[in-house]
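Protein chains: 2
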Amino acid sequence: MIETPYLLFLGEAPDGLAAKVAQGIRDWRPENAVGQFRMEGCKADMKLPDMTLAEAKAAGAKTLVIGVANRGGVISQAWKRVLIEALEEGFDLASGLHNLLRDEEDLVAVAKSCGRTLHDVRVPSVKYPIANGEKRTGKRCLAVGTDCSVGKMYTAMAMDAEMRERGLKSTFRATGQTGILITGDGVPLDAVIADFMAGSIEWLTPDNDDDHWDMIEGQGSLFHVSYSGVTLALVHGGQPDALILCHEPTREHMRGLPGYKLPSLQTLRDTALPLARVGNPACEVVGVSVNTQHMGEDEAKAYLAKVEAEMGLPATDPYRFGSAKLVDALVALG
Amino acid sequence: MIETPYLLFLGEAPDGLAAKVAQGIRDWRPENAVGQFRMEGCKADMKLPDMTLAEAKAAGAKTLVIGVANRGGVISQAWKRVLIEALEEGFDLASGLHNLLRDEEDLVAVAKSCGRTLHDVRVPSVKYPIANGEKRTGKRCLAVGTDCSVGKMYTAMAMDAEMRERGLKSTFRATGQTGILITGDGVPLDAVIADFMAGSIEWLTPDNDDDHWDMIEGQGSLFHVSYSGVTLALVHGGQPDALILCHEPTREHMRGLPGYKLPSLQTLRDTALPLARVGNPACEVVGVSVNTQHMGEDEAKAYLAKVEAEMGLPATDPYRFGSAKLVDALVALG
Numbered sequence: 001m002i003e004t005p006y007l008l009f010l011g012e013a014p015d016g017l018a019a020k021v022a023q024g025i026r027d028w029r030p031e032n033a034v035g036q037f038r039m040e041g042c043k044a045d046m047k048l049p050d051m052t053l054a055e056a057k058a059a060g061a062k063t064l065v066i067g068v069a070n071r072g073g074v075i076s077q078a079w080k081r082v083l084i085e086a087l088e089e090g091f092d093l094a095s096g097l098h099n100l101l102r103d104e105e106d107l108v109a110v111a112k113s114c115g116r117t118l119h120d121v122r123v124p125s126v127k128y129p130i131a132n133g134e135k136r137t138g139k140r141c142l143a144v145g146t147d148c149s150v151g152k153m154y155t156a157m158a159m160d161a162e163m164r165e166r167g168l169k170s171t172f173r174a175t176g177q178t179g180i181l182i183t184g185d186g187v188p189l190d191a192v193i194a195d196f197m198a199g200s201i202e203w204l205t206p207d208n209d210d211d212h213w214d215m216i217e218g219q220g221s222l223f224h225v226s227y228s229g230v231t232l233a234l235v236h237g238g239q240p241d242a243l244i245l246c247h248e249p250t251r252e253h254m255r256g257l258p259g260y261k262l263p264s265l266q267t268l269r270d271t272a273l274p275l276a277r278v279g280n281p282a283c284e285v286v287g288v289s290v291n292t293q294h295m296g297e298d299e300a301k302a303y304l305a306k307v308e309a310e311m312g313l314p315a316t317d318p319y320r321f322g323s324a325k326l327v328d329a330l331v332a333l334g
Numbered sequence: 335m336i337e338t339p340y341l342l343f344l345g346e347a348p349d350g351l352a353a354k355v356a357q358g359i360r361d362w363r364p365e366n367a368v369g370q371f372r373m374e375g376c377k378a379d380m381k382l383p384d385m386t387l388a389e390a391k392a393a394g395a396k397t398l399v400i401g402v403a404n405r406g407g408v409i410s411q412a413w414k415r416v417l418i419e420a421l422e423e424g425f426d427l428a429s430g431l432h433n434l435l436r437d438e439e440d441l442v443a444v445a446k447s448c449g450r451t452l453h454d455v456r457v458p459s460v461k462y463p464i465a466n467g468e469k470r471t472g473k474r475c476l477a478v479g480t481d482c483s484v485g486k487m488y489t490a491m492a493m494d495a496e497m498r499e500r501g502l503k504s505t506f507r508a509t510g511q512t513g514i515l516i517t518g519d520g521v522p523l524d525a526v527i528a529d530f531m532a533g534s535i536e537w538l539t540p541d542n543d544d545d546h547w548d549m550i551e552g553q554g555s556l557f558h559v560s561y562s563g564v565t566l567a568l569v570h571g572g573q574p575d576a577l578i579l580c581h582e583p584t585r586e587h588m589r590g591l592p593g594y595k596l597p598s599l600q601t602l603r604d605t606a607l608p609l610a611r612v613g614n615p616a617c618e619v620v621g622v623s624v625n626t627q628h629m630g631e632d633e634a635k636a637y638l639a640k641v642e643a644e645m646g647l648p649a650t651d652p653y654r655f656g657s658a659k660l661v662d663a664l665v666a667l668g
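Going line by line, the protein sequences match chains A and B. For the first sequence, this note's numbering assigns the number 1 to the initial residue and increments by one for each residue that follows. For the second sequence, this note's numbering assigns the number 335 to the initial residue and increments by one for each residue that follows.
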């Protein structure tokens, strides 16, 4: 568990895209960020107050979160100076970088002498159990995709926000680095040992109130041969009551796999639902989330109408048109 | 890669079952074992020459393989004395125990001073790639089960032996501890990091002659919620041309999951085949392997006949009736 609120470190991010993690925190948990720390040349702007470390500390920030990807996979000396000063000022550090904070000897030494914690959210910090498959109380929703990176996290985040806005009980459950940094907690599923994958998701989504929904962040795709095993562990460990099908209609092949076509939404439904029912016989597909970012507005609306007619399910682009339809369908399920 | 041949260490095994690893080596790779080493009170017997360490060394043995499970999960002082002497005599050690050899300081120290290697086959020793899904040359067969522990390893071992007896090109590809110790090589799939599971199987079954078959050891089951992700990684990383369906008809529930019934062979076929075709559109189900150990001979034969009629596929118990039918079907595939 990462202590909030955060100061968002943007480094010299050349654009907003490089600061994806910071943007996610800004979009979904603005109450978790007291300000941003930008270095000379930074072109990203989260529209948060620019703060020095001391100002952020005075404003209550507990953790400096690295909200930007680093180029070349190396933590630079310029970054180091800020990170070390932050530790000395009393901040914990949190990072989803491939290069781990804990592999940097100087950071480890300063953190130790200052009594601060280095959070590398790519690495599991928990000894997860093997899944036992026992039915848990409360309800769970999982987004499954025709491909990787089609908007599963965004869909779950948007539905969680809509649920809470309506006064319904909902918790976003992060299964990837960005989601963990946004919410401060979760399971870095792609870094979990094979035997414990499903168990880590059972651990993440324990017994809860009967009317509480876990909105579980999806990973990979049952149709992506590199990562499909991770996805099936989510489907079985998550025990979902509801599935949301996610799709990006303009993609010409599976992400990173030029020889592989995307399945249809029908094929995704007919594959994912029977598998989900192994773990939860009551599971239903409740809606479709389409990433229409590469379509014009009319084209997007026409596509969504076509999907609704063909699938007999509500369909929306939660980023463009909101997630209300999907939440309506979830609520209607019980 | 573990150096062969082996001396099989049986400790004080109370019965043959406790020496499952040694029995597997004896059954499937007798040429890998020059003899057995038994301690006082050992009730297991591999029908191999009993040898002292010096005798085994003289007979050419390179590695002492722990062929027995240890009680209580502790490597005893009595075992230690033998293991240390073995290192001093020039043996490497190989183990699939949960307690790792490398966690025993005295073994590590002696191995280092003698220049010997400790093989803990439960722990990956390779940095596996992420799967790229590219089509590989050569052919691959994978056994998939309605449940865990229904005979998938035995089936692949038996088919591999039959193939080689017929002069056909075949390699058993181990994906679990026992299989790795038997053959000296493989991937401990259940201990691989999630993101690299499918890639480890691509690595294990690389390009090969067009008429060469990899007989890939199966793991888990698509229907076992604790381990299904591991199985799907095998189905997609293995790119099988042929699937063998494995079943144990008398089992009342999924192994370790009292609330879960086994699927039918039809359901297994209809689930596994479309998933396998994502990675290899040419994949076919070629036969059924039934573990009939809890059935009388007449009952077993009647059951196999019923399966053949219902599934339209050859069915056998490879342990009881041989694997010729399955190999015939594989050969007929091309």
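Cβ atoms here follow ideal geometry from the backbone N, Cα and C, with glycine treated the same way.
- Cβ distance (whole Å) where Leu243 of chain A is taken to contact Leu232 of chain A below 8 Å: The residue given as residue 243 of chain A occupies position 243 in the first sequence. The residue given as residue 232 of chain A occupies position 232 in the first sequence. Contact doesn't hold; Cβ gap of about 13 Å is too wide.
- For Gln36 of chain A, which beta-bridge partners are listed by DSSP? The sequence position of residue 36 of chain A within the first sequence is 36, counting from 1. DSSP lists A:Leu8, A:Asp50 as partners of Gln36 of chain A.
- Query: Ile216 of chain A touches chain B at which residues, Cβ-Cβ below 9 Å?
  - Reply: Along the first sequence, one-based indexing puts residue 216 of chain A at 216. Those within 9 Å of Ile216 of chain A in chain B number zero; the least Cβ separation is about 15 Å.
- Message: Strictly under 9 Å for the Cβ-Cβ distance: is Tyr462 of chain B near chain A by that measure?
- Response: One-based indexing of the second sequence puts residue 462 of chain B at position 128. False, the Cβ-Cβ gap to chain A never drops below 9 Å.
- Item | Coarse secondary structure for Cys114 of chain A, derived from DSSP in three states | One-based indexing of the first sequence puts residue 114 of chain A at position 114. Correct three-state label for Cys114 of chain A: helix.
- Message: Just to confirm the assignment, what range does the alpha helix (DSSP H) spanning Thr155 of chain A have?
- Response: Along the first sequence, read from residue 1 onward, the residue named residue 155 of chain A stands at position 155. Counting along the chain, the alpha helix (DSSP H) containing Thr155 of chain A begins and ends at 152-165.
- Query: CB of Asp545 of chain B to nearest heavy atom of the ligand SAM: below 8 Å?
  - Reply: As for the ligand SAM, it is missing from this structure, which has no ligand bound.
- Message: Counting only Cβ-Cβ distances shorter than 8 Å, please list the residues of the region 529-541 of chain B near chain A, keeping chain order.
- Response: Asp529, Met531, Ala532, Gly533
- Message: My assumption, with CB atoms under 8 Å, is that Ala276 of chain A sits in contact with Ala528 of chain B. Please give the rounded CB distance.
- Response: Your numbering for residue 276 of chain A matches position 276 in the first sequence. Your numbering for residue 528 of chain B matches position 194 in the second sequence. Rounded, the Cβ-Cβ distance is 19 Å, inconsistent with contact.
- Query: What residue range is occupied by the uninterrupted beta strand (DSSP E) comprising Thr397 of chain B?
  - Reply: Taking the first residue of the second sequence as position 1, residue 397 of chain B is located at position 63. Run containing Thr397 of chain B: 397-400, per the beta strand (DSSP E) assignment.
- Item | Unbroken alpha helix (DSSP H) run spanning Ile516 of chain B, endpoints | Translated into positions along the second sequence, residue 516 of chain B becomes position 182. Counting along the chain, the alpha helix (DSSP H) containing Ile516 of chain B begins and ends at 511-517.
- Task: Starting from the beta carbon of Pro608 of chain B, find every residue of chain A whose beta carbon is closer than 9 Å, and list them in chain order.
- Result: Indexing the second sequence from 1 puts residue 608 of chain B at position 274. In chain order: Thr267, Asp270, Thr271.
- For Val569 of chain B versus Ala606 of chain B, is the C-beta spacing smaller than 9 Å? For this step, residue 569 of chain B is matched to residue 235 along the second sequence. For this step, residue 606 of chain B is matched to residue 272 along the second sequence. Yes, Cβ-Cβ distance for Val569 of chain B and Ala606 of chain B is below 9 Å.
- Return no unless some Cβ of chain A is closer than 9 Å to the Cβ of Ser562 of chain B. Along the second sequence, read from residue 1 onward, the residue named residue 562 of chain B stands at position 228. Closer than 9 Å to some Cβ of chain A, the Cβ of Ser562 of chain B qualifies, so yes.
- Cβ-Cβ distance between Ala174 of chain A and Val187 of chain A below 9 Å: Taking the first sequence and counting its residues from 1, the one referred to as residue 174 of chain A is at position 174. Taking the first sequence and counting its residues from 1, the one referred to as residue 187 of chain A is at position 187. At the C-beta level, Ala174 of chain A and Val187 of chain A come within 9 Å of one another.
- Between Ile578 of chain B and chain A, is there a C-beta pair that is closer than 9 Å? Residue numbering aside, residue 578 of chain B sits at position 244 when the second sequence is read from its first letter. For Ile578 of chain B, the answer is no, since every Cβ of chain A falls outside 9 Å of its Cβ.
- Task: Quick one: grab the DSSP three-state call for Ile464 of chain B.
- Result: Within the second sequence, the letter at position 130 stands for residue 464 of chain B. Reduced to three states, the DSSP call for Ile464 of chain B is coil.
- Relative to the C-alpha of Thr146 of chain A, which residue among A:Ser264, A:Ala19, A:Met197 is closest? Translated into positions along the first sequence, residue 146 of chain A becomes position 146. The residue with the shortest Cα to Cα distance from Thr146 of chain A is A:Ser264.
- Message: Assuming contact is defined by CB atoms lying nearer than 9 Å, are Val624 of chain B and His581 of chain B in contact in what I supplied?
- Response: Within the second sequence, residue 624 of chain B is the residue found at index 290, counting from 1. Within the second sequence, residue 581 of chain B is the residue found at index 247, counting from 1. Contact: yes.
- Query: Excluding five sequence neighbours on each side, which residues of the same chain lie with their C-beta closer than 7 Å to the C-beta of Asp545 of chain B?
  - Reply: Reading the second sequence from its first residue, position 211 is the one you call residue 545 of chain B. If we look at Asp545 of chain B and ignore the five residues flanking it on each side, its Cβ neighbours are Lys503.
- Message: Quick check on Asp190 of chain A - is its C-beta less than 9 Å from some C-beta in chain B?
- Response: Working through the first sequence from its first residue, we reach residue 190 of chain A at position 190. Yes, Asp190 of chain A lies at the interface with chain B (some Cβ there is under 9 Å from its Cβ).
- Task: Could you tell me which chain B residues have their CB closer than 8 Å to the CB of Gly259 of chain A, listed as they occur along the chain?
- Result: Here the question's residue 259 of chain A lines up with position 259 in the first sequence. Those within 8 Å of Gly259 of chain A in chain B are Gly467, Glu468, Lys469.
- Message: Just to confirm, is the Cβ distance from Ala403 of chain B to Leu382 of chain B under 9 Å?
- Response: Taking the second sequence and counting its residues from 1, one reaches residue 403 of chain B at position 69. Taking the second sequence and counting its residues from 1, one reaches residue 382 of chain B at position 48. Judged by their CB atoms, Ala403 of chain B and Leu382 of chain B are not nearer to each other than the 9 Å cut-off.
- Cβ separation of Val230 of chain A and Gln219 of chain A, assumed to be a contact under 8 Å, to the nearest whole Å: Position 230 of the first sequence, counted from the start, is the residue given in the question as residue 230 of chain A. Position 219 of the first sequence, counted from the start, is the residue given in the question as residue 219 of chain A. Yes, they are in contact, since the Cβ atoms of Val230 of chain A and Gln219 of chain A sit about 5 Å apart, within 8 Å.
- Item | CB-CB length for Met46 of chain A against Leu8 of chain A, believed under 8 Å | Taking the first sequence and counting its residues from 1, the one referred to as residue 46 of chain A is at position 46. Taking the first sequence and counting its residues from 1, the one referred to as residue 8 of chain A is at position 8. Indeed they touch by this definition, with Cβ atoms about 6 Å apart.
- Under 7 Å between beta-carbons, which chain B residues line up against Leu232 of chain A? List them in chain order, please. If you number the first sequence from 1, residue 232 of chain A lands on position 232. Ser562, Gly563, Leu566, listed in chain order.
- Task: Answer with buried or exposed for Lys446 of chain B, where buried requires no fewer than 16 other C-beta atoms within 10 angstroms of its C-beta.
- Result: Residue 446 of chain B sits at position 112 when you count from the first residue of the second sequence. When all chains shown are included, Lys446 of chain B counts as exposed.
- Does the separation of the CB atoms of Met215 of chain A and Met295 of chain A fall below 9 Å? Reading the first sequence from its first residue, position 215 is the one you call residue 215 of chain A. Reading the first sequence from its first residue, position 295 is the one you call residue 295 of chain A. It is not a contact, given that the beta carbons lie outside the stated cut-off.
- Query: With contact counted as at least three CB pairs below 8 Å, one residue from each stretch, are the region 338-357 of chain B and the region 314-327 of chain A in contact?
  - Reply: With fewer than three CB-CB distances shorter than 8 Å, the region 338-357 of chain B does not count as touching the region 314-327 of chain A.
- Determine the DSSP secondary structure at Glu631 of chain B, reduced to helix, strand or coil. Counted from its first residue, the second sequence places residue 631 of chain B at position 297. It is helical.
- Going by the CB atoms, is the gap between Leu181 of chain A and Gly279 of chain A shorter than 9 Å? For the purposes of this step, residue 279 of chain A is taken as the residue at position 279 of the first sequence. For the purposes of this step, residue 181 of chain A is taken as the residue at position 181 of the first sequence. Their beta carbons are not under 9 Å apart, which means Gly279 of chain A does not touch Leu181 of chain A by this criterion.
- Message: Could you check whether Ile336 of chain B and Val455 of chain B sit closer than 9 Å to each other, using their CB atoms as the reference points?
- Response: Position 121 of the second sequence, counted from the first residue, corresponds to residue 455 of chain B. Position 2 of the second sequence, counted from the first residue, corresponds to residue 336 of chain B. Yes.
- For the alpha helix (DSSP H) that contains Phe655 of chain B, what are its first and last residues? As a first step, residue 655 of chain B must be located in the second sequence, where it is residue number 321. That run of the alpha helix (DSSP H) goes 652-655.
- Query: DSSP puts Phe557 of chain B in a beta bridge; with which residues?
  - Reply: By one-based count along the second sequence, residue 557 of chain B stands at place 223. As computed with DSSP, Phe557 of chain B is found in no beta bridge at all.
- Query: So Glu536 of chain B is in the alpha helix (DSSP H); what residue range does that whole segment cover?
  - Reply: Indexing the second sequence from 1 puts residue 536 of chain B at position 202. Run containing Glu536 of chain B: 531-538, per the alpha helix (DSSP H) assignment.
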